[in-house]
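Residue 83 in the working numbering sits at position 78 of the sequence shown, and the numbers go up by one each step.
Virtual Cβ for every residue (Gly too), placed ideally from N, Cα, C.
Please read these numbers as outputs of a predicted model, since none were measured by experiment.
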Amino acid sequence: MSRFLKSIGVFLVILFSITAVNAETLTSKLKGGDKLRLGFGTAVPWAYAGDNGQALGFVNMIALTVLEEMGITEDQTETKVFEWSGLIPGLNANRSDMVTGGMYILKSRCANMNFSDPIGVFGDAMMVPKGNPQGINNYADVVRTGAKLVTGAGFNTVEAAKKYGVPESQMMLVEGEVGILAAMKAGRADVAVQTFFGAKEHEAKSNGMFEVTDPKLMPKETLNVVGIGFRKSDVEFRDNFNAALAKVMANPAKMLERAGEYGYDKAQLPPPSMSTEWACSTK
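Here is the structure:
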């Protein structure tokens, strides 16, 4: 009996230790000296890693500015690069602490992580061969022409394309921005859909092969707000981040200077009506 009780005691100690580790919040980890891990995919100019692993792109610049307002300096952070589809799983598996990849706030994503208040409002666009020979400007045109549409696995555009009637037989899903450009260059797709910022970056890299359509010709519902992602257990840290974000947005000069290097400007500042709660319930 005494051996049995000792075994039960050891088991409970181990179980308590595991639970305590899993229950440790981001706030307590940082107080203990851990670095804050920024998780993002390679999506120029949104978020990407420099040659030395530093966080680059306008979403990272906004995040770093807010963290500095919280008293967390850049040397207290480190970067973790994922495939786009691995960002939320990586966060919830404790392989990163914040998702700074530039994710639209969508109902399906709100179910799996918490978002900060919006850091910007953005739209999508089509990227087509120069001259737009098939006249494709939106999802209806993709359906009409029977064109092969490429986009990123896990992108908001997958749900949007299906919503607007693009059959799966016309869709090609690849890993992230790099895969989109590769598919277009190889002629495996007729048109790409992605964020307007991402499409413009690809246009610049294509040596005149491609052009970007007018985002105003896309459905109005594809206009979205972007937020920073946090684990559901890190509500305290998310709330503190939001408080600092509000201060930065009230006086955005420093943030706009840093993020402006990557194309973000005042036009992207989110209106009060497009809140996280609104996006989580309607998008």
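Check: A130 lies in the beta strand (DSSP E); which residues open and close that run?
Finding: Its beta strand (DSSP E) spans residues 129-134.
Check: Are G3 and L92 touching if we call contact CB-CB under 8 Å?
Finding: Nothing can be reported for residue 3, as the shown portion of the chain is limited to 6 through 288.
Check: Per DSSP, what kind of secondary structure is F235 in: helix, strand or coil?
Finding: DSSP places F235 in strand when its eight states are reduced to three.
Margin query: According to DSSP, is E216 part of a helix, a strand, or is it coil?
Written below: In the three-state DSSP reduction, E216 falls in the strand class (E or B).
Notebook entry, point to check: What residues in its chain sit with their C-beta under 6 Å from that of V26, if we drop five residues either side in the sequence?
Noted result: Residue confidence is low: V26 scores 42 on pLDDT, short of 50, so the model does not pin down where it sits. No coordinate-derived value is stated.
Check: Do you know offhand how far T30's Cα is from V64's?
Finding: When rounded, the distance between both Cα atoms is 23 Å.
Notebook entry, point to check: When the Cα of R100 is compared with those of G203, F202, Y267, G44, which residue comes out closest?
Noted result: When only C-alpha atoms are compared, the closest one is G44.
Check: Considering only C-alpha positions, which residue in the set F215, F235, T162 is nearest to L178?
Finding: Checked all of F215, F235, T162; the closest Cα to L178 is T162.
Notebook entry, point to check: Can you name the residues that DSSP bridges to F63?
Noted result: DSSP output for F63 lists no bridge partner at all.
Notebook entry, point to check: Is the beta carbon of K153 less than 8 Å from the beta carbon of S286?
Noted result: No.
Notebook entry, point to check: CB L186 to CB H207, shorter than 8 Å?
Noted result: Pairing L186 with H207 gives a Cβ-Cβ distance under 8 Å.
Check: For D239, does the count of other Cβ atoms within 10 angstroms reach 16, so buried, or fall short, so exposed?
Finding: If you draw a 10 Å sphere on the C-beta of D239, you find 16 or more other C-beta atoms in it, and that means buried.
Next item on the list: List the DSSP bridge partners of L178.
Entry: According to DSSP, which records beta bridges pairwise, L178 is partnered with T156.
Next item on the list: Could you tell me the boundaries of the alpha helix (DSSP H) in which R114 lies?
Entry: First-last of the alpha helix (DSSP H) with R114: 112-115.
Check: Do W89 and E180 have their C-beta atoms within less than 8 Å of each other?
Finding: Inclusion of W89 and E180 in the CB contact set at 8 Å is warranted, their separation being smaller than that value.
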